[in-house]
Each structure stands twice: as structure tokens, then as C-alpha cells.
Amino acid sequence: MKLLVVEDEALLRHHLHTRLGESGHVVEAVADAEEALYQAEHFHFDLAIVDLGLPGISGLELIGRLRSQGKTFPILILTARGNWQDKVEGLATGADDYLVKPFQFEELEARLNALLRRSSGFTQSTIAAGPLVLDLNRKQATLDEQPLALTAYEYRILEYLMRHHQQVVAKDRLMEQLYPGDEERDPNVIEVLVGRLRRKLEGENGFKPIDTVRGLGYLFTERCR
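Numbering of the sequence shown is given in the working numbering, commencing with residue 442 and proceeding in unit increments.
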């Protein structure tokens, strides 16, 4: 699942990005509402985690804007505020659940899983580009309606590139998705994985969806739906 984390506290934002990534999610972590609105407008998300105490546009206003723009993914509020009025206001604005800081990650994960289960009928279950289809629930891929044998890391790279289709994705961004918080990993592993992925995707039909943008990263050129 792809999660949008909106948290202005850098350490907590990094911690959430790392732990949620280790749990198998694709995570986009941003520090303010403006970037969150941009991400939500241009990319698909299955769930958002929003801090109420954001600089500039508040978390409550962000939630209101997302709902007014027709975004239906579940939203979990994270905040240091704990009184019942704040909870009621957040839920009334459009949030689906509420967790007060400090919290245990296990409780956060349980709440996220519950929200995702309840919303499974309303969230995207596949991503497709030409003959390529990803089943987001089963974590499987098909090409020309035939199963595509991908390793777990190959699948995660492909899903991330497709979710960010027609956008250059840097190697270090892919590294962070595969090995959250591990700064000692050799970035050349990304080249190897992308190379293997290309060989599995590129067939006689001329389907070559992954380009290398020299010095910048990789680009999934096909439009996804």
C-alpha cells in the first residue's frame, strides 16, 4: 500500500518513513500541507497520516481540502493534542481515526491495517500500463496476461516507479524504499535490480517502460491507470 505521511517534526517523520517502509508499505513523507496537496493531486495514495500541528496550512485545513477535492482515502490524525474537542473536530473535518502522541508503533500499525481493511472496497487494487498489470493486494505482476516472476525487491521497485510514472526517481530514493535507514548499502544494487527488471519486462512487443535519465535516476515512461 502507498501511504502519505505529513509530519513537520523531522525525527518522527524519518522514523515513520523507516518503520512503515520496513512493514512493506511505499511511503511518501512530507513536512507541510502544500507538498501534501501536490502529492495527493498527482499520485495515488491508499491512506494518509496527518499531523494536526503543521506549519502554515494546518492539518485540519489540509484534511478539509483533501476531502473537498474528492480524495476518499482514509486519513489518520497524529497529534500531541489529546482533549476530546480536538478529536471531534478532526473526525468532523473528514479524518477516519485519531492517535495521540506519544504512541507505540504497533498501535499505529494496527490502526492503519484496520483502516485499510475497511476501505479496501474503495481503494485502487491494481495499477496498469499497457500490457503490464500490478495486483497491489497480492503483490503480483502480469505481462500480456501471463504471470511475471519478480523477486520481492524487483516488485517493490516496479511498484514505486509505476506509482511515480512519468517522474524521474533518483537512485537514493529507491534505496530508501528498499533499505530504509540503511546508509551503508551499495547504490549499485539498484542498477542490478533495475537491469533484471528490464529484462523481464522487455519482450518482442517493444514494451520498454523504464528509461535511465543519466545522472538523475529512472523514469517509468508509460502512463499508468
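Just so you know, even glycine gets a beta-carbon here, dropped at the ideal spot from N, CA and C. For clarity, every value in this text was computed on a predicted model and none was experimentally measured.
Distance, Cα to Cα, V574 vs W525?
44 Å
If we ignore side chains and look at the alpha-carbon of each, how far apart do L495 and R614 end up?
24 Å
Jot down the residue ranges of each uninterrupted alpha helix (DSSP H) in the segment 586–628, minimum 4 residues, whole runs only, in chain order.
593–604 and 612–619
R637 CB to nearest heavy atom of the ligand ADP below 6 Å:
For the ligand ADP, the structure offers nothing, since it holds no ligand at all.
Quick one: residues in its chain with C-beta nearer than 7 Å to the C-beta of N578, no 5 flanking neighbours on either side, listed in chain order?
S566
Is the beta carbon of Q618 sitting closer than 7 Å to the one on Y596?
no
To which residues does DSSP link G658 through a beta bridge?
V654
Applying the 10 Å Cβ sphere with the 16-neighbour rule, what's the burial state of F563?
Low confidence applies here, because F563 scores a pLDDT of 48, under 50, leaving its location unreliable; read the following figure in that light. It counts as exposed.
Under a three-way DSSP split, which group does L478 fall into?
helix
If we call anything under 7 Å between Cβ atoms a contact, is L667 one with I598?
Because the chain here runs from 442 to 666, residue 667 falls outside it and cannot be looked at.
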